[in-house]
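Enquirer: The structure under discussion is supplied below as structure tokens; questions concerning it will follow.
2 protein chains.
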Amino acid sequence: MHVLIIGAAGMVGRKLAERLTRDRTLAGQTVEAMTLVDVVAPEAPASFTGKVSLQTLDLSNPGSAETLIASRPDVLFHLAAIVSGEAELDFEKGYLINLDGTRHLFEAIRLAHLADGYRPRLVFTSSIAVVGAPLPYPIPDDFHTTPLTSYGTQKAICELLLSDYSRKGYFDGIGIRLPTVCIRPGRPNKAASGFFSNILREPLVGQEAILPVNEDVRHWHASPRSAVGFLIHGATIDLEEVGPRRNLSMPGLSATVGEQIEALRRVAGEKAVKLIRREPDETIMRICAGWAPGFEATRARALGFTAENSFDEIIRVHIEDELGGSL
Amino acid sequence: MHVLIIGAAGMVGRKLAERLTRDRTLAGQTVEAMTLVDVVAPEAPASFTGKVSLQTLDLSNPGSAETLIASRPDVLFHLAAIVSGEAELDFEKGYLINLDGTRHLFEAIRLAHLADGYRPRLVFTSSIAVVGAPLPYPIPDDFHTTPLTSYGTQKAICELLLSDYSRKGYFDGIGIRLPTVCIRPGRPNKAASGFFSNILREPLVGQEAILPVNEDVRHWHASPRSAVGFLIHGATIDLEEVGPRRNLSMPGLSATVGEQIEALRRVAGEKAVKLIRREPDETIMRICAGWAPGFEATRARALGFTAENSFDEIIRVHIEDELGGSL
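Sequence lines, in order, name chains A and B. Here UniProt numbering is used: the first residue of the first sequence is 1, the next is one more, and so on. Here UniProt numbering is used: the first residue of the second sequence is 1, the next is one more, and so on.
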């Protein structure tokens, strides 16, 4: 089996390639080859013994998608996107990368399908940003997509395209609406949502972190490990069973910031909690107020998608996967 | 005020131009000029005393949208689309006209906005085809859009674009999800939904009509007069009040085919009803089963959009507007 990962240099893309390297199988078949693609040079997973092809290209450039499809990968993971903040600041770039890039990919597959019957599995990462406030809690699976960002709009449009191309049989697609990934490894960044990870990740290694919102802010989380698990499961399950509604809100954990902090206290003690410094930020508070507090995810759970059940578990996953298993 | 109608040669476009000719005002201002555009030559309304410009062009051609925007119309009605059946048969043409054509228009307005602050009112006709079975009855305003046709997908995508461009302030847009327009004037056509109009319009003038489905089929209707009324109201109301959710399911009348026939009996007698010939058609029955039975339309009603309350009324509107007021 040949697996293509577009957006392979990103955090989830790297972890997905590592997981496939460990598993060496996907959907019951041996992964013989991986093609890893991004706009910056992706790294080959160190211990993968199959064939690896690394490509640096931008899906929004004419011909890029055709290049990727020429080798007819069996499973495609399309994770590439510019993030919410950048898509909001640069309207044209957001539509170019997040909408047109995806459409180029879908079109290249459609034309290959018409040429020789090619019909790969396509796993697309969507986002909870497809919904916009005011939101009920929990948000049911049949709630409408009224995004309040250009990023969310672009993801919602790609979801619609994915369903239509799948319905027409051009590919077998599934859209995975990822919760906010927490604890995100790496350094603190300027994303408005960064604090959800910062306030846990930094204190776990003795560093101070800033909390810009109140403790009653409720949001929807899953670990990087779960995010990769969603993608693998999405590549594996029978999509006939899923039917024409191909975009699924993933399960996750709905928790307040206060609940996150309590979990940190239980796992790492009062010393860690004391490293969280409160610096209220009106802008971030206002942005947060529009975010999803949590989803029912009834369909995804019934289809076997699973996530963490407590923030203690999310923290332990981080300690295992990023900190060598202990504090 | 300068009004632009794109899709002016279609049934609703013609009736809209006639209504503006009669009213001579829109949103409290005098309509000084109308530009009527379609891919086939539109006709000028006979008695309009303002300036009329007729243009034959295809919005999907590069430069067409810029041509239309050059004169900076104050209100744009974008009704142009290829219909559901054609968009389903010709995938590329559907996306080219219904998605790319609309996006060209939105982009031309955005660039004009960036150039000189132009920010027109834009009224876009969407469709109940944005939802897809299985459907609750009535369908709430916050029900998700999971279309089962490429046409519905294209309309749902344009709705998302319309909201995002409006949110960014490039234009002041509103999406009008039209019910099935009934009684559609003209000759019977091959649209799968044609029978809803045929079984009333033809018997009213002594002609036979074919009913291909059972009498318990429930669907969602509004008269051509109401459809035009929605567009006028959409061009008039304060969109600040509407907020960021700019696409509204219009009010309508939910009725079964049996209820349609009972109304025909009340208005035109048993003689008319006897002209309906039952010829069950499995294909049309299957297509119908996926159609919307009716919407709550709570938001649209609260905003002052109104439609007929009985099929008797829908039939009387047809007699007044198409048959000179009497049978």
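Every residue, glycine too, gets a C-beta built ideally from N, C-alpha and C.
Along chain A, in chain order, which residues have C-beta atoms closer than 9 Å to that of residue 245 of chain B?
Expert: 132, 144 and 146
Enquirer: So which residues of chain A does residue 153 of chain B contact, with C-beta pairs closer than 8 Å?
Expert: 160, 161, 163 and 164
Enquirer: DSSP has residue 173 of chain B in a bridge; who is on the other side?
Expert: B/122
Enquirer: Check whether the Cβ atoms of residue 2 of chain B and residue 65 of chain B sit closer than 8 Å, and answer yes or no.
Expert: no
Enquirer: Using DSSP with H/G/I as helix, E/B as strand and the rest coil, what is residue 3 of chain B?
Expert: strand
Enquirer: Evaluate residue 189 of chain B with the Cβ neighbour count: other Cβ atoms within 10 Å of its Cβ, from every protein chain shown; 16 or more gives buried, anything less gives exposed.
Expert: exposed
Enquirer: Between residue 158 of chain B and the rest of its own chain, which residues show a CB-CB distance below 6 Å, the 5 nearest in sequence each way excluded?
Expert: Correct list, in chain order: 102.
Enquirer: Does the beta-carbon distance from residue 222 of chain B to residue 129 of chain B come in below 8 Å?
Expert: no
Enquirer: Classify residue 123 of chain A: buried if its beta carbon has 16 or more other beta carbons within 10 angstroms, exposed otherwise.
Expert: buried
Enquirer: Just the C-alpha distance for residue 79 of chain A and residue 196 of chain B, rounded to the nearest angstrom, thanks.
Expert: 45 Å
Enquirer: Against residue 156 of chain B, what residues of chain A qualify as contacts under a CB-to-CB distance less than 7 Å, listed in chain order?
Expert: The answer, in chain order, is 160.
Enquirer: Write down every uninterrupted run of the beta strand (DSSP E) in the segment 72-113 of chain B whose length is 3 residues or greater and which is fully enclosed by it, in chain order.
Expert: 75-78
Enquirer: My output table needs one value for residue 34 of chain B: the three-state DSSP class, helix, strand or coil.
Expert: strand
Enquirer: Between the Cα of residue 17 of chain A and the Cα atoms of A/28, A/37 and A/163, which residue gives the shortest distance?
Expert: A/37
Enquirer: Output, in sequence order along the chain, the residues in the segment 164-182 of chain B whose CB is closer than 8 Å to any CB in chain A.
Expert: 164, 167 and 168
Enquirer: Helix or strand or just coil, what does DSSP make of residue 254 of chain B?
Expert: strand
Enquirer: Going by DSSP in three states, residue 56 of chain A sits in which element: helix, strand or coil?
Expert: strand
Enquirer: By Cβ distance below 6 Å, which residues in the same chain neighbour residue 56 of chain B in space, the five residues on each side in sequence not counted?
Expert: Within the same chain, residue 56 of chain B has close Cβ partners 41.
Enquirer: Have a look at residue 208 of chain A and residue 162 of chain A and give me their C-alpha separation to the nearest angstrom.
Expert: 42 Å
Enquirer: Using C-beta distances below 7 Å, list every residue in its chain close to residue 54 of chain A, excluding the 5 sequence neighbours before and after it, in chain order.
Expert: 36, 41, 42 and 44
Enquirer: Going along chain C, which residues have a C-beta under 7 Å from residue 91 of chain A?
Expert: Here chain C cannot be found, since the structure's protein chains are A and B.
Enquirer: What span of residues does the beta strand (DSSP E) with residue 247 of chain A cover, start to end?
Expert: 247-249
Enquirer: Tell me residue 155 of chain A's beta-bridge partners as DSSP assigns them.
Expert: DSSP, once it has assigned bridges, lists no residue as partnering residue 155 of chain A.
Enquirer: Answer yes or no: does any C-beta atom of chain B fall closer than 8 Å to that of residue 197 of chain A?
Expert: no
Enquirer: Please state the DSSP three-state secondary structure of residue 233 of chain B.
Expert: helix
Enquirer: Just the chain A side, please: which residues come within less than 9 Å of residue 150 of chain B by C-beta, in chain order?
Expert: 164, 167 and 168
Enquirer: Output needed for residue 288 of chain A: all residues of its chain with C-beta closer than 6 Å, excluding positions within five of it in sequence on either side, in chain order.
Expert: 213 and 217
Enquirer: What residues in its chain sit with their C-beta under 6 Å from that of residue 260 of chain B, if we drop five residues either side in the sequence?
Expert: 311
Enquirer: My output table needs one value for residue 218 of chain A: the three-state DSSP class, helix, strand or coil.
Expert: strand
Enquirer: Measure the alpha-carbon distance for residue 298 of chain A versus residue 10 of chain A and round it to whole angstroms.
Expert: 29 Å
Enquirer: Quick check: the segment 172-189 of chain B against the segment 222-237 of chain B, are there 3 or more CB pairs under 8 Å?
Expert: yes
Enquirer: Which residue marks the beginning of the beta strand (DSSP E) containing residue 276 of chain A, and which one marks its end?
Expert: 276-278
Enquirer: Pair every Cβ in the segment 239-248 of chain A with every Cβ in the segment 272-282 of chain A, then say whether three or more of these pairs are closer than 8 Å.
Expert: no
Enquirer: What is the DSSP secondary structure of residue 181 of chain A, reduced to helix, strand or coil?
Expert: Shown here, residue 181 of chain A sits in a strand according to DSSP, grouped into three states.
Enquirer: Excluding the 5 residues flanking residue 230 of chain B on each side, which residues of the same chain have their C-beta closer than 6 Å to its C-beta?
Expert: 176, 250 and 305
Enquirer: Any idea what DSSP makes of residue 127 of chain B, helix, strand or coil?
Expert: Collapsing the DSSP output to three states places residue 127 of chain B in a strand.
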